[in-house]
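First the structure, in the form of structure tokens, and then the observations on it.
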Amino acid sequence: MGFRRGDQIEVASKEDGFVGSYYSATVISELMKKHYMVQYKTLLKEDEAGPLREIVAADEVRPVPPEISATGFGLYERVDAFDNDGWWVGNITGRLGSKYYVYFEKTGDEIAYPLAQLRIHQDWLNDNPQSINGNGNGNGNGNGIWMGALNNVTKFTTCLSRVK
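Numbering (UniProt numbering), first residue to last: 1 to 164.
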């Protein structure tokens, strides 16, 4: 799988305290096939003089997931919550009014978010011989498949088979 200059991506952080988070970025250049120079959209340099640029490993990079509109979430549903300039993976643990409580396994925190700060969590399976539309995701990023929507279909199908 290869990304090109200008491709919009997300970078999965491997730093302590940030594992389980994704940050929006643009590919500046490909370096030696296994690394990319990226520029983050929401992270700034230490002196805050501009966007942070960083070299990241190819296995930390994925395309931006397709937007799936959600009108609400169910208990224990896997979501991404936008917080601290990135998307953090967690599970819905409850709802009070218009706020959803999200538990983050990596940190042990439980935080309330409005629906607008949540999205359906999707996992990118890289270099899968199948893809949703038969030719990758349309970004020129090679073959792969997003699993969030398919997992929900599987859950629904399993639920229907139990009801019968």
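Where a beta carbon is used, it is the ideal one built from N, C-alpha and C, also for glycine. Note that the coordinates shown come from a computational prediction; the quantities given were computed from them, not determined experimentally.
Between TYR22 and GLU30, the CB-CB gap reaches or exceeds 8 angstroms. In the structure shown, GLY108 adopts coil according to DSSP, grouped into three states. The closest CA to that of ARG95, considering only TYR76, PHE82, ASP85, VAL89, is found on TYR76. Along the region 20-44, the beta strand (DSSP E) occurs as fully enclosed runs of 3 or more residues at 21-31, 35-44, listed in sequence order. Closest by C-alpha distance to TYR36, out of ALA49, ALA12, THR93, is ALA12. Using a Cβ-Cβ distance cut-off of 8 angstroms, the region 110-126 and the region 72-86 are in contact, since at least three pairs of beta carbons, one from each stretch, lie closer than that value.
ASP47 sits exposed, since fewer than 16 C-beta atoms from the chains shown fall within 10 Å of its C-beta. DSSP places ALA57 within a strand segment (E or B) once states are collapsed to three. Listed in chain order, the beta strand (DSSP E) runs fully inside the region 69-121 are 78-83, 86-96, 99-104, 109-114, 118-120, counting runs of at least 3 residues. Membership of ALA12 in the beta strand (DSSP E) is indicated by the continuous run 8-12.
Cβ contact annotation for GLN117 (same chain, cutoff 8 angstroms, sequence separation greater than five): ALA81, PHE82, ASP83, in chain order. In terms of CA proximity to ALA112, GLY90 leads the group GLY20, GLY90, ASN126.
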